[in-house]
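Chains as they are written, first to last, in the working numbering: chain A, 200 to 578; chain B, 5 to 402. Where a beta carbon is used, it is the ideal one built from N, C-alpha and C, also for glycine. Treat the numbers as computed from the prediction; the structure is a model and nothing was measured. These notes are about the structure you will find just below.
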Amino acid sequence: MDFTHSDDRRMLADTIARFVRENYAFETRAEIIQGDDRFAREKWADFAELGLIGALFEEADGGFGGGGFDLAVLFEELGKGLVVEPFLATLLAGRAIALAGSDDQKAMLAAVISGETLLAFAHSEPQSRYDLADVALKAERDGDGFILSGDKSVVINGGTADLFVVSARTSGAAGDAAGLSLFLVDAKADGLTRRAFPCIDGGGAAELKFDAVKLPASALLGARDRAYCVIEAVAGLGILALASEALGAMETAKTLTLDYLGARKQFGRPIGAFQALQHRMADMLIEIEQLRSAVINAAGALTSDRLSREKSLSAVKYLCGKIGRLVAEECIQLHGGIGMTWEYALPHYCKRIVMIDHMLGDEDHHLARYIALSKEAAP
Amino acid sequence: MDMSFTQQEKAFQAEVRCFLQEKLPARLSAAVKAGKRLSKADHEEWHAILAARGWLAVTWPKQHGGTGWNAVQRHIFEEECCAAGAPRIVPFGVNMLGPVLIKFGSEDQKAHYLPRILDGTDWWCQGYSEPGAGSDLASLQCKAVRRGDHYIVDGQKTWTTLGQHADWIFCLVRTAGDGKPQEGISFLLIDMAIPGITVRPILTLDGEHEINEVFFEGVKVPAENLVGEENKGWTYAKYLLTHERTGIAGVGFSTTGLAHLKSVAQRQKAHGVPLADDPYFAARLARVEIELEAMKTTNLRVLAAAAKGGGPGPESSMLKIKGTVIRQEINDLTRRALGPYAIPFVSESLDQGYNEEPIGPDYAGTAAREYFNNRKLSIFGGSNEIQKNIIAKALLRL
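Right, here's the structure in full:
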């Protein structure tokens with residue numbers, strides 16, 4: 200039993216940590232999120248040069264990592280630095296291509312890993328909330344090709360993507376997991392309009408409208424009607440990534456709060472001397488370590504059977520939501536008024552932590568899913 | 005024990021509803037209900053309408069232009085105003101300074117300042133907290149040195165809500181440095197037009213400008229602007245803080261907020277079913293509703309006891325803690341209810357003139373922002389931690 204990371208992974212973590220320390224100060228990030236793109240293309244290029252985008256992909260696809268623990272380490276460091284560049288979007292869309300793509304389609308990943316092509320995963324819709332199978336956007340046969348009509352909502356980094364991986368219904372009724380297909384759609388496709396907007400926790404997203412967008416046969420990614428397992432698989436990677444990112448953000452929030460408790464004096468002593476606050480920090484430490492363990496469980500379970508894997512992913516996302524809210528709220532409260540100010544890094548960490556619960560299924564969604572999966576496992 | 009409204013109270017409720025229907029401008033209530041930004045002029049407009057009816061100073065005795073209402077009437081008024089989407093009354097002049105002047109001010113001060121609060125001539129803000137004096141307010145350092153017929157004020161105040169709109173600031177200042185810190189504090193009224201005063205905005209975590217820092221450099225304040233006795237300011241401050249606390253249960257906000265939340269939960273769907281019928285969300289909703297119903301009665305019990313005893317005591321700390329926790333829970337659930345659509349945040353959409361298509365449902369835009377902004381509820385007005393200290397010491401005698 201060995202809970203230490205390999206040298207390679209520690210090097211990966213060190214690389215990002217050093218980059219964040221030297222090039223991604225909080226003030227830098229504050230400026231980046233004011234720009235139209237909501238991330239910095241120069242930073243994305245820097246990350247590409249450091250090989251970090253390659254960490255999202257397996258060796259066979261031109262990357263050098265892509266496994267559960269690689270993603271956990273990478274995203275935890277991104278969370279510690281509150282990095283807004285499109286790692287998650289690249290992971291979701293890129294791994295869909297890697298899983299389901301033809302050789303020609305997978306050849307595109309080289310340009311993604313080099314930072315030239317920006318990807319986004321257009322899956323959720325205005326009515327779908329967190330239900331992965333709720334896809335109403337239609338893909339109708341058009342000779343050899345397809346015509347896509349419908350809407351995609353809150354597509355992370357959708358405003359800046361060059362290429363979308365889009366889920367669409369090619370058969371079946373609304374809400375069926377069967378009958379879904381994935382397509383590669385150029386952002387400039389005729390009939391595709393997008394409305395970009397800022398996200399409250401930094402970063403950006405977009406609403407997409409597909410108005411009879413014509414696609415050739417080569418746009419189909421993987422087998423027709425059978426995309427659900429690919430969608431579930433990449434959503435699972437995304438869950439692990441988000442939980443790891445949240446964990447990193449929570450570590451930083453906790454450290455900032457600990458520092459504050461030591462420095463802030465009221466009633467003649469550092470407020471960290473008060474037992475009530477010490478107990479609350481102890482509680483926070485325990486919960487963060489619990490989340491870390493759940494991330495380890497999920498990262499390790501990625502290569503297990505589907506039920507074990509999906510249960511541990513729902514478990515980590517549930518805990519991420521529950522613990523995230525506690526940590527975010529406590530860290531602000533323990534700072535008092537200063538925890539409420541825009542100029543200070545802490546509340547931005549708290550916003551990111553909380554809003555992660557609104558992506559790829561929240562606390563309640565995953566608790567229900569965990570129960571349903573448990574029933575499947577032991578009928 | 006009788007919890008039902010009397011005939012008189014029901015009649016009063018009808019009267020308040022009628023007034024709101026007739027006099028609350030639709031433009032203002034629409035803005036409040038949609039969570040839009042209100043301007044200084046918006047607040048002043050509503051204050052003027054209330055003042056014309058004699059309903060601005062709900063905590064003042066009638067002889068000074070107040071309503072003379074009892075606790076139940078004030079509760080009814082608060083609930084109805086919130087339900088109707090009335091702008092919140094800016095509390096600093098009316099609910100904070102007014103009662104202090106009435107109780108501790110000179111006749112001249114009452115005659116001069118109270119009417120100007122009522123007619124909106126003076127917009128007041130509060131100068132209490134300092135960077136080094138938050139929970140430990142008594143350790144404040146902003147100095148006021150007596151020089152002939154003036155005080156010279158030097159120092160800094162922070163978290164000054166709406167200070168950017170204010171004409172006057174009531175300040176706790178240090179007039180004696182030896183002895184216990186509480187025994188060297190005075191309560192001073194300061195005209196913000198006096199040279200040497202600088203107001204700087206502080207942006208909150210949601211990017212909004214509602215609080216400020218205020219700097220005093222050699223500010224000459226006439227000695228007659230001292231309220232009560234020198235070095236007795238802490239007594240007046242404590243009196244004000246307990247007065248501040250009775251409104252701080254925020255029952256009206258929670259009631260209206262819960263109604264809005266339930267409406268959102270009906271319209272949002274999870275797996276094709278309204279979120280309100282999803283068992284997990286329904287459980288969350290039921291829990292907070294049960295707590296709120298109990299809180300309403302706790303609020304009335306504390307206020308009724310206070311009315312008999314002549315003023316709210318340490319029990320008001322219970323209202324502050326429970327009331328703010330419930331409000332924050334309702335904010336959390338409203339954010340949660342929106343699912344992914346809580347994520348988009350278009351700052352311009354909070355302006356009253358904005359009329360572009362919303363992203364997602366039209367009620368989505370403010371939910372996450374309000375949740376984050378209202379984390380302040382458990383921090384300001386005496387943090388919930390300080391309130392627990394008060395309960396432990398004054399109620400539990402620990």
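Note down, in chain order, every chain A residue with its Cβ under 7 Å from the Cβ of residue i.
i: B:Ala-165; result: At residue 165 of chain B the sequence reads Thr, which differs from the Ala that was named. By Cβ distance, chain A contributes nothing, its closest Cβ being about 11 Å from B:Thr-165, past 7 Å.
i: B:Pro-91; result: Correct list: empty, because the minimum Cβ distance to chain A is about 22 Å.
i: B:Asp-281; result: Simply none; closest approach about 13 Å.
i: B:Ser-387; result: Gly-535
By a C-beta neighbour count over all protein chains shown, 10 Å radius and 16 as the cutoff for buried, is residue i buried or exposed?
i: B:Gly-261; result: buried
i: B:Arg-401; result: exposed
i: A:Asp-410; result: exposed
i: A:Thr-203; result: exposed
i: B:Thr-10; result: exposed
i: A:Gln-474; result: exposed
i: B:Gln-272; result: buried
i: B:Leu-399; result: exposed
i: A:Glu-484; result: Looking at the sequence itself, residue 484 of chain A is Leu, so the reference to Glu does not match. It counts as exposed.
i: B:Asn-359; result: exposed
i: B:Cys-129; result: buried
i: A:Lys-658; result: Limits of chain A in this structure are 200 at one end and 578 at the other, which puts residue 658 of chain A out of reach.
i: A:Gly-447; result: buried
i: B:Met-7; result: exposed
i: B:Lys-312; result: exposed
i: A:Glu-528; result: buried
i: B:Glu-333; result: buried
i: A:Asn-222; result: exposed
i: A:Lys-516; result: buried
Provide the residue(s) that pair with residue i in DSSP beta bridges, ordered along the chain.
i: B:Arg-78; result: Paired residue(s): none; B:Arg-78 is not in a bridge.
i: B:Pro-103; result: None; B:Pro-103 has no bridge partner.
i: B:Glu-295; result: B:Glu-295 is not bridged to any residue.
i: B:Asn-216; result: B:Pro-205
i: B:Gln-130; result: B:Phe-174
i: A:Val-384; result: A:Phe-363
i: B:Lys-184; result: Its beta-bridge partners do not exist; DSSP assigns none.
i: A:Thr-540; result: B:Thr-208
i: A:Phe-396; result: A:Ala-404
i: A:Asp-350; result: A:Lys-408
i: B:Tyr-155; result: B:Arg-150 and B:Val-225
Residue i touches chain B at which residues, Cβ-Cβ below 8 Å?
i: A:Glu-509; result: None at all; the shortest Cβ gap to chain B is about 17 Å.
i: A:Leu-420; result: By Cβ distance, chain B contributes nothing, its closest Cβ being about 23 Å from A:Leu-420, past 8 Å.
So residue i contacts chain A; which residues on that side make the cut at Cβ distance below 9 Å?
i: B:Ile-383; result: Ile-531, Gln-532, His-534, Gly-535, Gly-536, Gly-538 and Met-539
i: B:Arg-379; result: Ala-527, Glu-528, Ile-531, Gln-532, Gly-538, Met-539, Pro-546 and Cys-549
i: B:Ala-368; result: Residues of chain A passing the Cβ test: none, with the nearest at roughly 10 Å.
In chain B, which residues lie less than 9 Å from residue i when you measure between Cβ atoms?
i: A:Asp-375; result: Result: empty, since nearest Cβ-Cβ is about 12 Å, beyond 9 Å.
i: A:Met-480; result: Per Cβ cutoff of 9 Å: no residues; A:Met-480 is ~13 Å from chain B at best.
i: A:Ala-271; result: Within chain B, no residue comes near A:Ala-271; the closest Cβ sits about 23 Å away, beyond 9 Å.
Just to make sure I have the definition right: I need the residues of chain B whose C-beta is within less than 7 Å of the C-beta of residue i. Which are they?
i: A:Ala-448; result: Near A:Ala-448 there are no residues of chain B at all, since even the closest Cβ is about 15 Å away, more than 7 Å.
i: A:Asp-563; result: Tyr-284 and Phe-285
i: A:Val-353; result: Pro-344, Tyr-345, Ile-347 and Pro-348
List, in order along the chain, the chain A residues whose C-beta lies closer than 8 Å to that of residue i?
i: B:Lys-273; result: Gln-326 and Arg-328
Answer yes if the segment 309 to 329 of chain B comes into contact with the segment 351 to 360 of chain B, meaning at least three C-beta pairs across the two stretches below 8 Å, and no otherwise.
-> no
Would you list, in chain order, the members of the segment 337 to 357 of chain B that have their beta-carbon closer than 7 Å to a beta-carbon of chain A?
-> Arg-340, Gly-343, Pro-344, Tyr-345, Ala-346, Ile-347, Pro-348, Phe-349 and Val-350
Taking one C-beta from the segment 367 to 377 of chain B and one from the segment 280 to 293 of chain B each time, how about it: are there three or more such pairs within less than 8 Å?
-> no
Along the segment 190 to 222 of chain B, what residues have a CB closer than 9 Å to any CB found in chain A?
-> Ile-206, Leu-207, Thr-208, Leu-209, Asp-210, Gly-211, Glu-212 and Ile-215
Which of the residues in the segment 527 to 542 of chain A, read from start to end, lie with their CB under 8 Å from any CB of chain B?
-> Glu-528, Ile-531, Gln-532, Gly-535, Gly-536, Gly-538, Met-539, Thr-540, Trp-541 and Glu-542
Below 9 Å between beta carbons is the criterion; list the residues of the segment 456 to 472 of chain A that meet it against any residue of chain B, in chain order.
-> Arg-463, Lys-464, Gln-465, Phe-466, Gly-467 and Ile-470
Under 9 Å (Cβ pairs) to chain B, residues found in the segment 284 to 306 of chain A | none
Which residues, in chain order, does the segment 382 to 399 of chain A contribute to contact with chain B at a C-beta distance below 8 Å?
-> Arg-394, Phe-396, Pro-397, Cys-398 and Ile-399
Anything in the segment 8 to 41 of chain B with a Cβ closer than 9 Å to a Cβ of chain A? List those residues in chain order, please.
-> none
Between the segment 546 to 562 of chain A and the segment 18 to 26 of chain B, do at least 3 Cβ pairs fall closer than 8 Å?
-> no
Answer yes if the segment 397 to 409 of chain A comes into contact with the segment 231 to 242 of chain A, meaning at least three C-beta pairs across the two stretches below 8 Å, and no otherwise.
-> yes
Decide if the segment 240 to 256 of chain A is in contact with the segment 285 to 300 of chain A; the criterion is three or more beta carbon pairs, one per stretch, under 8 Å apart.
-> yes
Contact the segment 273 to 280 of chain A vs the segment 336 to 351 of chain A: 3+ CB pairs below 8 Å | no
Cβ-based contacts, 9 Å cut-off: residues of the segment 322 to 339 of chain A near chain B | Ser-323, Pro-325, Gln-326, Ser-327, Arg-328, Tyr-329, Asp-330 and Asp-333
So does the segment 213 to 224 of chain B actually touch the segment 163 to 177 of chain B, counting three or more Cβ pairs closer than 8 Å?
-> yes
Which of the residues in the segment 139 to 156 of chain B, read from start to end, lie with their CB under 8 Å from any CB of chain A?
-> Ser-139, Asp-140 and Ser-143
Count the C-beta pairs between the segment 104 to 113 of chain B and the segment 80 to 90 of chain B that are closer than 8 Å, then say yes if the count reaches three, no if not.
-> no
Count the CB pairs spanning the segment 135 to 142 of chain B and the segment 458 to 473 of chain A that are closer than 8 Å, and state whether there are at least three.
-> yes
Stretch-stretch touch, CB-based, cutoff 8 Å, three pairs: the segment 258 to 266 of chain A with the segment 308 to 318 of chain A = yes
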